[in-house]
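Q: Per our numbering, the sequence shown runs over residues 8 to 244. In this text, a Cβ means the ideal position worked out from N, Cα and C, and glycines have one as well.
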Amino acid sequence: MMILNLSNVTKIISKKTILDNINLSVNEGEIFGFLGPNGAGKTTTIKIITGLIKPNSGEITINNVKLSENKLKAISNVGAIVENPALYDYLTGLDNLKIVAKLRNVKKNDLDYIIENILDKNRLNDKVKKYSLGMKERLAIGCAMVGNPKLLILDEPTNGLDPEGIIDLRNLLKHLAHDKKMTIFLSSHQLSEIQNTCDRVAFLKNGKIITTESVDDILKMDGTLEEKYISLMNKEG
Numbered sequence: 008m009m010i011l012n013l014s015n016v017t018k019i020i021s022k023k024t025i026l027d028n029i030n031l032s033v034n035e036g037e038i039f040g041f042l043g044p045n046g047a048g049k050t051t052t053i054k055i056i057t058g059l060i061k062p063n064s065g066e067i068t069i070n071n072v073k074l075s076e077n078k079l080k081a082i083s084n085v086g087a088i089v090e091n092p093a094l095y096d097y098l099t100g101l102d103n104l105k106i107v108a109k110l111r112n113v114k115k116n117d118l119d120y121i122i123e124n125i126l127d128k129n130r131l132n133d134k135v136k137k138y139s140l141g142m143k144e145r146l147a148i149g150c151a152m153v154g155n156p157k158l159l160i161l162d163e164p165t166n167g168l169d170p171e172g173i174i175d176l177r178n179l180l181k182h183l184a185h186d187k188k189m190t191i192f193l194s195s196h197q198l199s200e201i202q203n204t205c206d207r208v209a210f211l212k213n214g215k216i217i218t219t220e221s222v223d224d225i226l227k228m229d230g231t232l233e234e235k236y237i238s239l240m241n242k243e244g
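Next up, the structure:
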């Protein structure tokens, strides 16, 4: 089942084409990587998917709901961490989760899965300012999961994490995709982590998607994701 579809999406800002006729689809339970250099249009794409900005043309469909026709219903299927996670440092991890639940009209009982599987139960009542970066990232993901969205969007989730934190996050994302059938859209500069985590990946350059391929096929044909990325980005056009 297709959870996310972008069809002919174009975005122009100050007469500059940021996204040029973007087409991509992401399936249920898939971890989908989104790669490209700075300025390629990755963050703009994410902001369009999450309804923060509108495209000039094209259509975004989330869980069979068109964003242009029913924005609230479409976005209700999305949990996202865009740029820096918005957490309340002087509140506990549990209080942060409760605030998000209240804003989304989610009952406390519906938080049980997040508390049991995503957060560190031994640190729930500690203030977030005492959390490590890895713990904050887990809490941010937990908050994004409140309401059980179909699609989880993560923008550079491994920034600042040590190797142990990166591995922990990788295992968490695979668990959510394979066991919870959650669809994950992952934008990152960490090529090795995309290679180790994602099922498929799209390459964005100058506002255009050059190609979308399975990670397995890339490894068979090109050796590593890094080699594929460098080859594509160095091509003219």
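#1: Could you name the residues of the same chain whose beta carbon sits closer than 8 Å to that of Leu7, not counting the 5 residues immediately before and after it, in chain order?
#2: Measure from the alpha carbon of Asn15 to the alpha carbon of each residue in Ile29, Met9, Lys115, then state which is nearest.
#3: Drop a sphere of 10 angstroms on the beta-carbon of Asn70, count the other beta-carbons inside from all chains shown, and report buried for 16 or more, exposed for fewer.
#4: On the DSSP bridge list, what partners appear for Ala87?
#5: For a test of the three-state rule: what should DSSP assign to Leu226, helix, strand or coil?
#6: Name the two residues that bound the continuous alpha helix (DSSP H) containing Ala151.
#7: Tell me, to the nearest whole angstrom, how far the beta carbon of Asp162 is from that of Ile60; I am working on the premise that it is less than 8 Å.
#8: Is it buried or exposed for Pro44, if we count other Cβ within 10 angstroms and need 16 for buried?
#9: So for Arg207, helix, strand or coil by DSSP?
#10: Tell me the DSSP bridge mates of Ile38?
#11: Can you tell me which of the three DSSP states Glu76 falls into?
#12: Is it the case that the region 128 to 142 contacts the region 162 to 175, given that we only count it when at least three CB pairs across the two stretches are under 8 Å?
#13: Classify Ser195: buried if its beta carbon has 16 or more other beta carbons within 10 angstroms, exposed otherwise.
A: This is what the structure holds:
#1: Residue 7 cannot be examined here, being either before or after the span of the chain that is shown, 8 to 244.
#2: Locating residue 15 in the sequence shown gives position 8, counting from the first residue. When each option's Cα is compared against that of Asn15, the closest is Ile29.
#3: By 1-based counting over the sequence shown, the position of residue 70 is 63. That one is buried.
#4: Position 80 of the sequence shown, counted from the first residue, corresponds to residue 87. Answer is Ile160.
#5: For the purposes of this step, residue 226 is taken as the residue at position 219 of the sequence shown. Taken through DSSP and simplified to helix, strand or coil, Leu226 comes out as helix.
#6: Locating residue 151 in the sequence shown gives position 144, where the first residue counts as 1. Ala151 -> alpha helix (DSSP H) spans 140 to 151.
#7: Within the sequence shown, residue 162 is the residue found at index 155, counting from 1. Within the sequence shown, residue 60 is the residue found at index 53, counting from 1. In fact, because the Cβ distance is near 14 Å, the residues do not count as touching under 8 Å.
#8: Residue mapping note: residue 44 aligns to position 37 of the sequence shown, counting from 1. Classification of Pro44: exposed, given that the 10 Å Cβ count is below 16.
#9: Here residue 207 is taken as the residue at index 200 of the sequence shown, counted from 1. Arg207: strand per DSSP, three-state reduction.
#10: Residue numbering aside, residue 38 sits at position 31 when the sequence shown is read from its first letter. Its beta-bridge partners are Ile191.
#11: Taking the sequence shown and counting its residues from 1, the one referred to as residue 76 is at position 69. Of the three classes helix, strand and coil, the one that applies to Glu76 here is coil, per DSSP.
#12: yes
#13: Looking up residue 195 in the sequence shown gives position 188. When all chains shown are included, Ser195 counts as buried.
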